[in-house]
Structure formats: structure tokens, C-alpha cells
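Each number in the working numbering corresponds to the 1-based position in the sequence shown with 938 added.
Think of the CB as a built atom: it goes at the ideal place given N, C-alpha and C, for glycine as much as any other residue.
These numbers come from a predicted model, not from an experiment.
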Amino acid sequence: MRETEQYLIDVAYPYWEAEARIAKRFFAGKPTREQHIHWLKAQLWKELHPVDGYFTGLHRELANLVDMFPEVDRTVERHHYHGLLEQLVQEFNHYVLMADILEYLLGRKMDAGDTVQLSEEKALGDLRRKFVAGSAVEKAAVLVTEGGGARLFREGRRLKGSVLERKIAAAMDVVYEDEKNHYREAAREAAAAVGNQRDLKAMKRAIERVSLQRVHMRNEMFQFPLSREDIEQCLAKHRRPV
939 MRETEQYLID VAYPYWEAEA RIAKRFFAGK PTREQHIHWL KAQLWKELHP
989 VDGYFTGLHR ELANLVDMFP EVDRTVERHH YHGLLEQLVQ EFNHYVLMAD
1039 ILEYLLGRKM DAGDTVQLSE EKALGDLRRK FVAGSAVEKA AVLVTEGGGA
1089 RLFREGRRLK GSVLERKIAA AMDVVYEDEK NHYREAAREA AAAVGNQRDL
1139 KAMKRAIERV SLQRVHMRNE MFQFPLSRED IEQCLAKHRR PV
């Protein structure tokens, strides 16, 4: 099982590092106020609408928790319910932290219209839903891809300098600490869905397809700091033997 977990992590790893490269180059380029507003609006949409095959948007998850509440200690185990509540609060806190930075930049209160779904994010959501609706193996593969190994937040928490950079770093640090080990939990759960080599190959293909689309999503979010050639080179550099 542990070998399978590490195998799945190794498959996803180069795509995580490509996301890191995108964020690092963007922040190093001294982005303008408008460029920061652009990525924050896109990230806020993602925070409100997370889709990993198990967690399907804050509104829907909140409604599900309300419906489940009467069944606590009946058909729903209380510790499991508590864990779901904590996850929801954590995800909403990430939205609050990013929204506060956007308001700082806008100089006004934001509203729901200030969140934006970009085209590559839509393509990513469509691809995820396709796999989630597929086999148990494909659904589990989507979980491994979620969060991109927290690489955006790893890079963002390192920012220093201006008031804005310190605000971004503080928010990113919170998200990173919350999510830095999610990939291990995801790999463990995904590995349990693998029954044979055929399953493993199918999971590898799904992880690669979704992860590559995540890279394109991040590149669009940060207004294309990497060319297609840059992305290919980065993936090749970090690809591990699998």
C-alpha cells in the first residue's frame, strides 16, 4: 500500500512543481494591482466552488451537513460529522482570508460578482466531473490532484516586502498549514481503490490528465507567466521514474 501511495505522489509531483514555478515567476515579476486583482478573483471562485470528487462546493456541502444533522449518533458517526464541519469551516476561512486581500486592493466591499470562473478553470471542473462520474478508481484519482500539492500557497507564504505582499504571505501561510499534508491523505485513500495493475494504470492516466489541466488553470490565473515550452521543460525536469 505504501509503495502505491508513493507511486501516485510521484506521478503528480512534476505538475505540482509546475504550479509552483508559475506562482514563483508571477510574484517575482512585481505584478501590478490589476494583476493581483485578476488572480484573486479567480482564486476566490475556486475557494467557493472546490470540486475534488468528495467536496463539491461550499453551499452544497453546508446544505448536506444541515440534512445530516438529525442523523448524528444514529446513522452518522459524530466524529465523522465533526470532521466534515471542521473541513467546511477551514475552506470558508480560506475564502475569507483571500476576500479580505481583494477588498484591500479594490478599496470597497466586494460582492459575489467579484469572483470569476476563468476558461481553464471551467475546463478543469468539466474534466474532474467526468472522472468523478466514472469508475471508483478514476474518482479516487481526482482526489490526489486536488490542491496541487499546496504549491501555490508554499510560494505565496514566502513573500516579503510591501504591505500587500505581507498580507498575501500571511493568508497563504494559513492555507498552506491547513493543506500541506492533504496530498498524503489523498494518496492513502486513492491507493486503497487500486486492486491491480490495470487500476493503477487507469489512475495514473487520470492523475496526469487532471494535473496537466490544473497547470493550465494556474497559468491562466496568473496571466501566462510560462509558455507551453516552459511548462513542458518544467515537467520534464521534475518527472520522477514511475
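The region 952–961 contacting the region 1162–1180, beta-carbon criterion three pairs below 8 Å: Counting C-beta pairs closer than 8 Å gives three or more between the region 952–961 and the region 1162–1180, which meets the contact rule.
Buried or exposed: which applies to Met-1159, given that a residue is buried once 16 or more other Cβ atoms fall within 10 Å of its Cβ? Met-1159 sits buried, since 16 or more C-beta atoms from the chains shown fall within 10 Å of its C-beta.
Go ahead and label Gln-1151 buried or exposed: buried means 16 or more other beta carbons lie within 10 angstroms of its beta carbon, across all protein chains shown. Gln-1151 is classed as buried because its beta carbon has at least 16 other beta carbons within 10 Å across all chains shown.
Going by other Cβ atoms of all chains shown within 10 Å of its Cβ, with 16 needed for buried, is Glu-943 buried or exposed? Buried, because 16 or more other Cβ atoms sit within 10 Å of the Cβ of Glu-943.
Just verifying my parser: in three-state terms, what is the DSSP assignment at Val-1014? The answer is strand: DSSP assigns Val-1014 an E or B state.
Residue span of the alpha helix (DSSP H) that contains Gly-1133, given as start and end: For Gly-1133, there is no enclosing alpha helix (DSSP H), since its DSSP letter is neither H nor E.
Indicate the three-state DSSP secondary structure (helix, strand or coil) for Cys-1172 in the structure shown. Collapsing the DSSP output to three states places Cys-1172 in a helix.
What whole-angstrom Cβ distance do Ala-1129 and Met-1006 have, given they're in contact under 8 Å? About 27 Å separates the Cβ atoms of Ala-1129 and Met-1006, ruling out a contact at the 8 Å cut-off.
Quick check for students: name the residue ranges of the beta strand (DSSP E) that lie wholly in the region 998–1065, counting only runs of 3 or more. Complete beta strand (DSSP E) runs here, min 3: none at all.
Please state if the CB of Glu-1093 and the CB of Ala-961 are separated by a distance shorter than 8 Å. Going by C-beta atoms, Ala-961 is nearer than 8 Å to Glu-1093.
Going by Cα to Cα distance, which pick from Arg-1126, Tyr-1114 and Val-1070 is closest to Leu-1035? Checked all of Arg-1126, Tyr-1114 and Val-1070; the closest Cα to Leu-1035 is Tyr-1114.
How many angstroms separate the CA atom of Ala-1125 from the CA atom of His-997? Those two C-alpha atoms are separated by around 26 Å.
Please classify Arg-1156 as buried or exposed, where buried requires at least 16 neighbouring CB atoms within 10 angstroms. When all chains shown are included, Arg-1156 counts as buried.
Proximity to Glu-1076 [Cα-Cα], best of Glu-1123, Val-1132, Leu-1164 and His-976: The shortest C-alpha separation from Glu-1076 is found at Val-1132.
Outcome for His-1020 when other beta-carbon atoms lying within 10 angstroms are tallied against a minimum of 16: Counting Cβ neighbours within 10 Å, His-1020 comes out exposed, since fewer than 16 surround it.
Taking the alpha-carbon positions, what's the Phe-1030 to His-1154 distance? For Phe-1030 and His-1154, the distance between alpha carbons rounds to 25 Å.
What is the C-beta distance between Ala-1078 and Glu-1127, in whole angstroms, given that I count them as a contact (C-beta under 8 Å)? Between Glu-1127 and Ala-1078 the Cβ distance is about 6 Å, and since that is below 8 Å, they are a contact.
Among Glu-1015, Leu-1022 and His-1017, the one whose alpha carbon lies nearest that of Asn-1002: Out of Glu-1015, Leu-1022 and His-1017, Leu-1022 has the C-alpha closest to the C-alpha of Asn-1002.
Looking at the unbroken alpha helix (DSSP H) that takes in Lys-1105, where does it start and where does it end? Unbroken alpha helix (DSSP H) run through Lys-1105: 1101–1117.
Where the alpha helix (DSSP H) through Leu-978 begins and ends: From DSSP, the alpha helix (DSSP H) with Leu-978 extends over 971–986.
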